[in-house]
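Each residue of the sequence shown is one higher than the one before, counting from 9 in the working numbering.
Yeah, the Cβ is synthetic: ideal placement off N, Cα and C, and Gly gets one too.
Comments concern the structure below.
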Amino acid sequence: MLRVPSQLPNDLEDLIHRTIGCCIAVHRALGPGLLENIYSRGICLELEATKIRFEAEKQIPVWYRGQLLCYQRLDLVVAEQIVIEIKAVERLNPVHRAQLLSYLKVSNLRVGLLMNFNVPVLQDGLKRIVL
């Protein structure tokens, strides 16, 4: 797998690489065309098998002008550092990237992976975002 040059610490880059590997393993086994929650469950099993800590459907508070508006659910948060947003759509649109950017901002995390599982090869459906 290709590594992307970045300013992130090596341990975080390694975690990103291992996390993407887990997602690829799920996609290779299941293929495209299933529901997002099926891929999410598969990724959870793969992360557990590789002993990578994660939280599924993590609730994070959304604040505006000092007021709590609501709690937003994130598909997966890996090791309290990476947000994974899972999609199973025909193609990723700019709004999907904007959605992940909003999740990163409200969660105060720097790294997000936008994964569209409805593609023949997962690398074609993967977008990495670093703030």
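Between the CA atoms of GLU44 and LEU77 - distance to the nearest angstrom
So the alpha carbons of these two residues sit roughly 26 Å apart.
Secondary structure of GLN15, DSSP reduced to three states:
Coil.
Have a look at the DSSP bridge pairing and note the partners of ASN124.
According to DSSP, ASN124 shares a beta bridge with LYS95.
Three Cβ pairs or more, each shorter than 8 Å: is that satisfied between the region 101-117 and the region 20-33?
By the Cβ rule, the region 101-117 does not count as touching the region 20-33, because fewer than three pairs are nearer than 8 Å.
Roughly how many angstroms lie between the CA atoms of VAL138 and PRO128, to the nearest whole one?
Between VAL138 and PRO128, the alpha-carbon positions lie close to 25 Å from each other.
For the beta strand (DSSP E) that contains LEU134, what are its first and last residues?
Here the beta strand (DSSP E) through LEU134 covers 134-138.
Closest to GLU88 by CA distance: which of SER115, TRP71, PHE125 and TYR79 is it?
Here the closest residue by C-alpha is SER115.
Run through DSSP, which three-state label would VAL129 get?
Three-state result, VAL129: coil.
DSSP-derived helix/strand/coil call for ILE28:
DSSP places ILE28 in helix when its eight states are reduced to three.
Residues bridged to GLN80 by DSSP?
Beta-bridge pairing by DSSP links GLN80 to ILE68.
Could you check where the alpha helix (DSSP H) with ALA57 kicks off and where it finishes?
First-last of the alpha helix (DSSP H) with ALA57: 44-57.
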